[in-house]
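Right, one structure below, let's go through it.
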Amino acid sequence: MEQIERIKHMELQLERATRTIKALSAAMDEYGSVQDAINELEAYYGSEEWKKDFTDDEQGRLPNDLKRGVLSEDAIWNLLEEYRTLKERL
100 MEQIERIKHM ELQLERATRT IKALSAAMDE YGSVQDAINE LEAYYGSEEW
150 KKDFTDDEQG RLPNDLKRGV LSEDAIWNLL EEYRTLKERL
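Residue numbering for the sequence shown follows my numbering, starting at 100 and increasing by one per position.
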């Protein structure tokens, strides 16, 4: 690789690495700030409150326009599994 090409190549590597490190740093900050939410969701999932909310939803007692992703049997479970997998990677 000639000098000019080498410098251009290394400049691209520097820019890519800098962008990635900044993005990772921001993601780690956000990850740290969401720990309480994950703990709260973990405690809610499978609790008596969740079971009542789930049953009431199944029986049509909740408003139709209410977002209810937390009442699906997979949404919180999948999130917690992804969280555990991510923790292992870290």
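The beta carbon of each residue, even a glycine, is placed where N, CA and C say it ideally should be. Quick caveat, the model's predicted, so the values are computed rather than measured.
The three-state reading of DSSP puts arginine 160 in coil, since its state is none of H, G, I, E or B. Tyrosine 143 and lysine 150 have their C-alpha atoms roughly 9 Å apart. For lysine 186, the enclosing alpha helix (DSSP H) covers residues 174 to 188. Annotation: histidine 108 to lysine 121 spans about 20 Å, alpha carbon to alpha carbon. When DSSP states are grouped into helix, strand and coil, methionine 100 belongs to the coil group. Within a 10 Å sphere around the beta-carbon of isoleucine 106 sit fewer than 16 other beta-carbons, which makes this residue exposed. With a beta-carbon spacing of about 6 Å, aspartate 156 and arginine 167 fall inside the 8 Å limit used to define contacts.
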